[in-house]
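Residues 104 to 327 (my numbering) are what the sequence shown spells out, left to right.
We put the CB at the ideal spot given by N, CA and C, even for glycine.
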Amino acid sequence: MKTSTIAILLAAAGLNMANALECHKSATGVLATWEDTEILDSQVGFGWTQYYHMKDGKLAKSNLPGEEYDFYECEAPEKFYKWGGGVLKTKDGKKCLTNSFIREQDPSHDGSHEIVYKQVPENVEKKVTLEDCAEGGMELRKQWFSLGYPERLGCSVSLYKQGYEKDDAMDLSYGPQGVAFDKEGGLGYDKSDKVRYFHRSQSYLRTANLDATCVYKNPVEPGK
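Laid out in C-alpha cells, this is it:
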C-alpha cells in the first residue's frame with residue numbers, strides 16, 4: 104500500500120516537472136501606457152504617459168509609477184504565442200499578472216473576409232489582478248504576454264497581452280468599464296458634457312524612457 108502511494112506521488116511530481124514552464128528573467132519595469140488623445144470634431148490632440156498600480160486587489164490608474172514586475176520569457180507551450188512570449192511576475196516571484204479575459208477568434212465567422220474575435224469568458228468584470236502562476240490552460244492564456252523591443256536606444260519596450268498565437272493582441276487601457284488589457288475602445292470612453300474625446304492606449308513595460316521620441320517615428324519637437 105505504501106509502495107503504491109509513493110509511486111503515485113513520484114509520478115505526480117514528475118508530471119509537474121514536465122509541465123513546468125522553462126523561463127528566464129529578461130526585463131524589469133513598471134506598467135505604463137502612452138496615451139494618444141484627440142478631442143472630437145477638432146484637430147486638437149496630445150499625448151502623455153499614464154502609470155498604473157495595484158489598488159484594492161486590482162490594477163488602477165496612478166499619477167506615479169507603480170509596482171515593479173519581472174518579465175520572464177518562456178518556452179511557449181503548444182498553441183501559445185512564441186515571439187517574446189512569457190509572464191509578468193511580482194518581485195518575489197509568487198504571483199503573476201492576470202487579465203480577467205482573453206479574446207479568441209470567433210469560429211462563427213470562419214470563412215469571412217475579416218477576423219472577428221470574441222471575449223472569453225464573456226460576462227466577467229474587466230480587470231487585472233495578481234494570481235498564482237499557471238502552467239497551462241485558460242489561466243496561462245490570461246497570464247501570457249509578449250515583450251517587444253525598444254524603438255530607440257534608451258527607450259522602454261512595448262507590452263501586449265497575447266495568449267494563444269491566434270488570440271487577439273491587446274494593450275493595457277482604461278475606461279468606464281475599468282482597467283484591463285483589451286481591444287481599442289473595449290473599455291468604453293469617458294464622456295463629458297463639455298468635451299467629447301477618445302484616447303488610444305499603447306502599453307509598455309517601462310524599463311527606460313517613455314515619451315514622444317520613443318513612440319513616434321517622426322516626433323514633433325516641442326515648440327514646433
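Close Cβ partners of residue i (< 7 Å) along its chain, the five nearest in sequence each way excluded
| i | result |
| --- | --- |
| D384 | Nothing in the structure corresponds to residue 384, since the chain is present only between 104 and 327. |
| I205 | V223, R244, K245, G266 and D270 |
| M273 | R206, Y263, K264, F284, D285 and K286 |
| E171 | T131, G132, V133 and K194 |
| W137 | G150, T152, Q305, Y307, L313 and V318 |
| V260 | A130, L250, G251, Y252, P253, Y307, L308 and T310 |
| L167 | Y154 |
| E225 | none |
One or two residues paired with residue i in a DSSP bridge
| i | result |
| --- | --- |
| E171 | V133 |
| A123 | Answer is none; A123 lacks a bridge partner. |
| M183 | For clarity, residue 183 is Phe in the given sequence; the question names Met instead. F183 is bridged to Y267. |
| T310 | Looking at the DSSP assignment, T310 forms no beta bridge with any residue, so it has no partner. |
| E138 | W151 and S304 |
| G328 | Examination of residue 328 is not possible in this model, given that the chain is present from 104 through 327 alone. |
Where residue i falls, given that 16 or more other Cβ within 10 Å makes a residue buried
| i | result |
| --- | --- |
| H127 | exposed |
| N202 | buried |
| A283 | buried |
| Y319 | exposed |
| R309 | buried |
| Y292 | exposed |
| D176 | The amino acid occupying residue 176 in the given sequence is Glu; Asp does not appear at that position. It counts as buried. |
| S276 | buried |
| K192 | buried |
| G189 | buried |
| A179 | buried |
| A123 | exposed |
Close Cβ partners of residue i (< 6 Å) along its chain, the five nearest in sequence each way excluded
| i | result |
| --- | --- |
| D139 | G150 and R303 |
| S165 | Y154, Y155 and H156 |
| D173 | K128, T131 and K192 |
Residue i, enclosing alpha helix (DSSP H) - first and last residue
| i | result |
| --- | --- |
| C317 | A315 to V318 |
| Q246 | G240 to Q246 |
Residue interval of the beta strand (DSSP E) (run including residue i)
| i | result |
| --- | --- |
| S261 | V260 to K264 |
| A272 | Run containing A272: none; DSSP gives neither H nor E here. |
| G188 | G188 to T193 |
| I205 | I205 to Q208 |
| T232 | V231 to D235 |
Same chain, Cβ closer than 8 Å to residue i, neighbours up to 5 away in sequence not counted
| i | result |
| --- | --- |
| L290 | K229, S276, Y277, G278, P279, Q280, G281, V282 and A283 |
Original post:
Three or more beta-carbon pairs under 8 Å between the segment 174-190 and the segment 236-250, yes or no?
Top reply: Of all C-beta pairs linking the segment 174-190 to the segment 236-250, three or more are shorter than 8 Å, placing the two stretches in contact.
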